[in-house]
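Asker: Everything in the sequence shown is counted per our numbering, starting at 32 for the first residue and increasing by one. Here it is: the structure, laid out below.
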Amino acid sequence: MATDAELIRAAGKDAEAFAELYRRHARAIASWFATRTPARIAGELTAETFAQAALSLHRFRDQADGSAAPWLFGIARNVLRRSLERERVETAARSRLGVPLRSYDDLDAVENRLDAEQLRPALDAALDRLPPGQRDAIELRIVRALEYDEVAGSLGCSKVAARIRVARGLNSLSRLLKGAAP
Numbered sequence: 032m033a034t035d036a037e038l039i040r041a042a043g044k045d046a047e048a049f050a051e052l053y054r055r056h057a058r059a060i061a062s063w064f065a066t067r068t069p070a071r072i073a074g075e076l077t078a079e080t081f082a083q084a085a086l087s088l089h090r091f092r093d094q095a096d097g098s099a100a101p102w103l104f105g106i107a108r109n110v111l112r113r114s115l116e117r118e119r120v121e122t123a124a125r126s127r128l129g130v131p132l133r134s135y136d137d138l139d140a141v142e143n144r145l146d147a148e149q150l151r152p153a154l155d156a157a158l159d160r161l162p163p164g165q166r167d168a169i170e171l172r173i174v175r176a177l178e179y180d181e182v183a184g185s186l187g188c189s190k191v192a193a194r195i196r197v198a199r200g201l202n203s204l205s206r207l208l209k210g211a212a213p
């Protein structure tokens, strides 16, 4: 039986090697996520973890016992951190914009989707009225869910300036949308 390290070395050329690695560790990773997140997203985060692992095979450093578990759990921690940050950003943005927070009840999800569709023209118009720096910062941070250092790099400004542009843009959007509300 091949060690995890051997499977990882082979996985770049052999999909079955990666599939075996997945079979060995997916349940433990999914269980770890299930203790930290709602069950409905634990599977998504598990899949994202293995997708990141597949892209990061070259970064694996062999453990003394040849196990990939520490490496995979490190990736899982990063996936969870990014997921929680995206959720925090989305919740804060929705709150600041006066948009109802997401609910995972099916009926609420349909209602929220309808609300979002009705809000979309006003949101697009409000975004068009923002200064380009604020609009671009909001698009990168809220729509694309980039980290602030990535927003700063894309805009050619400091991380602090990127945070300020996003905050000012959200405040402006909130004022514009409240003015457009019936």
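Using N, Cα and C, we set each Cβ at its ideal position, and we do this for glycine too. Just so you know, these numbers come straight off a predicted model, no measurement behind them.
Return the residue from the list Arg113, Phe81, Val182, Leu111 that minimises the CA-CA distance to alanine 99.
Answerer: Phe81
Asker: Can you name the start and end residues of the alpha helix (DSSP H) that serine 62 belongs to?
Answerer: 46 to 65
Asker: Taking all protein chains shown into account, do 16 or more other C-beta atoms lie within 10 angstroms of the C-beta of aspartate 35, making it buried, or fewer, making it exposed?
Answerer: buried
Asker: Using a threshold of 8 Å, state whether the C-beta atoms of glycine 43 and alanine 61 are closer than that.
Answerer: no
Asker: To test your reading of the DSSP string, which unbroken alpha helix (DSSP H) runs of 4 or more residues are found completely within the region 70 to 123?
Answerer: 70 to 86
Asker: Taking the alpha carbon of valine 120 as the reference point, which residue from Phe49, Pro163, Ile173 has its own alpha carbon closest?
Answerer: Comparing C-alpha distances from valine 120 to each of Phe49, Pro163, Ile173 shows the shortest one belongs to Ile173.
Asker: Measure the alpha-carbon distance for leucine 115 versus alanine 48 and round it to whole angstroms.
Answerer: 31 Å
Asker: Please go through the region 155 to 213 and give each complete alpha helix (DSSP H) segment of 4 or more residues, from N-terminal end onward.
Answerer: 163 to 169, 179 to 186, 190 to 211
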